[in-house]
Structures are given as C-alpha cells and as structure tokens.
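Note that this note's numbering has the sequence shown beginning at 13, numbered continuously upward.
Below: the structure, in structure tokens.
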Amino acid sequence: MSNTLTKLALGMMGRLRPRPATGDAAATIVLPAPEVSGGMPLMDALALRRSSRKFARDALPLPLLSNLLWAAYGRNRPDGGRTAPSALNGQEVDVYAALPAGACLYDAGEHALRLVAQADLRRITGYQDFVDEAPLDLVYVADHRRMPMVPAAQRESYASAAAGAIAQNVYLFAAGNGLAAVIRAWIDREAIAEALGLAHDQQVLLSQTVGYPAKE
Ligand SMILES: Cc1cc2nc3c(=O)[nH]c(=O)nc-3n(C[C@H](O)[C@H](O)[C@H](O)COP(=O)(O)O)c2cc1C
13 MSNTLTKLAL GMMGRLRPRP ATGDAAATIV LPAPEVSGGM PLMDALALRR SSRKFARDAL
73 PLPLLSNLLW AAYGRNRPDG GRTAPSALNG QEVDVYAALP AGACLYDAGE HALRLVAQAD
133 LRRITGYQDF VDEAPLDLVY VADHRRMPMV PAAQRESYAS AAAGAIAQNV YLFAAGNGLA
193 AVIRAWIDRE AIAEALGLAH DQQVLLSQTV GYPAKE
C-alpha cells in the first residue's frame, strides 16, 4: 500500500516517472506466428474468467506473448479485420505493452512489437502495487484521428467500448492459459501519455495487467 501512496503523491505532483529498462529491447520484435486454433473451449474459459491481482514476476515467453497479443487485437482476416470490433471499423485503439525491457506498440499488420520507450514503464501504468512487478501491463490508447466519421462527443465512449472488447479477449485468453489478469481504470493518464510520447489526439483509456498467478 505504501508504494501505492507514494505513486499517488508523485502522480499529483506530476512526477511519476518510469524506471530504467531491464535488459535490451530491439527496435522491432518480430513475434512468432500465433497459434490461432485449439486452446480451451470458449465456455470453459468463460467459466474461469475473473480478475486477479496477485502475480508472479516470471516473464511471459515470447510464443505466449504472441498468442496473447493476437487474441487481444490481432488480424484474423485477410481484409485486415481484427479479433475485436470497432465503430465503423476505425480500429482506433492501439495496444501498448509495457515490458521490463521497454514499452512497445503492437503492430497487428506485421504481428510485431515496435519499441516506443526504452524504459520500464510498468510502474506508471497504475497506482496499484502489483503493476510494478507483473511481467506485462497492457495500455489501451484511443487515437481520435482514426475516428473522423464518429461525432466528437461519442469518440471516447466508442473507443472505450472497443477497448473493453479487447480487454475481454485478454481475460478469456488468460483464463484459457492459466494466466492472471485485471483490467484497470485507476491510472495516471497524463504520466502514461508522457512516457509513451503520445500526441494530443491520443487518449489513454485503460490498462490491463497480465502474468502468471502468484505462487501461494
Ligand atoms: C472499467 C473498469 C475499470 C476497472 N478498474 C479497476 C482498477 O483500476 N483496479 C482494479 O484492481 N480492478 C479494476 N477493475 C476490475 C473490477 O474491479 C472487477 O472486474 C470487478 O470487481 C468484478 O470482478 P471480476 O472481474 O473478477 O468478475 C475494473 C473493471 C472495469 C470494467
């Protein structure tokens, strides 16, 4: 809890900062091809879906991360369609992955991770303690520039609905693969936007932590 209070205080002063990166991150991480069939039956995964807030520190192996990101918001059709819906197919939500070695943007077209910040941003993806040490914090960002046909007053709610669909994909993937996950809105959006180098039209919506469950 004291870490949470420290982060709250730093956040209020606008001084919540990333930690130095652990390990090297390439400018582009080409992910292995995802396994897009099989897995736990959907109804079984739904029966197991829940929020968990106790994570082990163990890193997620690259093939598992690849499958997770594809499930979250990968391309599932030759026409560029994705695993989650978006209003007018604007595909306005970007998925960022805060990893110990750096923060990356998920490029669904190439199924790759593009490094955007060579720092460990996990700590600033939320006020709760576990976000600092869990192996992966996803951040969902709406790019309003990709919603020109949506009335301005509706853009945030439409993008939030799309991010919610992505988050549920991640929850179900986690349930089906023995992982823990939690979606989070209690986050410092300004600190995250600054650390990711976001533009004015990009809006941080939600974060979601994923990892192996803590060993009891
Ligand atoms: C929009 C939204 C925001 C949430 N924000 C947080 C959060 O900041 N921190 C957290 O620990 N859980 C957060 N949650 C998770 C809820 O607390 C959780 O879904 C709820 O307690 C029901 O538990 P379940 O997911 O296990 O069914 C959020 C859920 C939603 C839908």
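Note that beta-carbon positions come from the ideal geometry of N, C-alpha and C, so glycine has one too.
Computed from a predicted structure; not experimentally measured.
Checklist entry - Would Ala129 be called buried (16 or more neighbouring beta carbons within 10 Å of its own) or exposed? => result Reading the sequence shown from its first residue, position 117 is the one you call residue 129. The residue is buried, with at least 16 neighbouring Cβ atoms inside 10 Å.
Item to check | Buried or exposed by the 16-neighbour rule on C-beta atoms within 10 Å, applied to Lys66 | outcome: Taking the first residue of the sequence shown as position 1, residue 66 is located at position 54. Lys66 comes out exposed.
Checklist entry - Among Ala164, Ala71, Ala187, which has the Cα closest to the Cα of Gly35? => result If you number the sequence shown from 1, residue 35 lands on position 23. Selected option, being the one with the closest Cα: Ala71.
Next on the checklist: Please state the DSSP three-state secondary structure of Tyr108.
Outcome noted: In the sequence shown, residue 108 corresponds to position 96, counting from 1. Residue state, collapsed to three classes: strand.
Checklist entry - Could you give the distance in angstroms between the alpha-carbon of Phe185 and the alpha-carbon of Ser63? => result For the purposes of this step, residue 185 is taken as residue 173 along the sequence shown, with counting starting at 1. For the purposes of this step, residue 63 is taken as residue 51 along the sequence shown, with counting starting at 1. Looking at the two C-alpha atoms, the distance is approximately 13 Å.
Next on the checklist: Just list the residues that DSSP pairs Thr221 with in beta bridges.
Outcome noted: If you number the sequence shown from 1, residue 221 lands on position 209. Note: Thr221 sits in a beta bridge opposite Asp149, Val194.
Next on the checklist: With the cut-off set at 7 Å, would you say Gln215 and Leu150 are in Cβ contact?
Outcome noted: Mapped onto the sequence shown, residue 215 falls at position 203. Mapped onto the sequence shown, residue 150 falls at position 138. Cβ atoms of Gln215 and Leu150: not closer than 7 Å.
Item to check | Identity of the residue in Arg27, Asp56, Ala207, Asn189 nearest Asn79 by Cα | outcome: In the sequence shown, counting from the first residue as 1, residue 79 sits at position 67. Nearest option by C-alpha distance: Asn189.
Item to check | Ala21: first and last residue of the uninterrupted alpha helix (DSSP H) it sits in | outcome: As a first step, residue 21 is located in the sequence shown; it is residue number 9 there, counting from the start. First-last of the alpha helix (DSSP H) with Ala21: 14 to 24.
Checklist entry - CB Tyr170 to CB Leu218, shorter than 7 Å? => result Position 158 of the sequence shown, counted from the start, is the residue given in the question as residue 170. Position 206 of the sequence shown, counted from the start, is the residue given in the question as residue 218. For Tyr170 and Leu218, no; Cβs fall outside 7 Å.
Next on the checklist: ligand 1 and Ser169: does any heavy atom of the ligand fall closer than 6 Å to the residue's C-beta?
Outcome noted: If you number the sequence shown from 1, residue 169 lands on position 157. Answer for Ser169: no, Cβ out of range of ligand 1.
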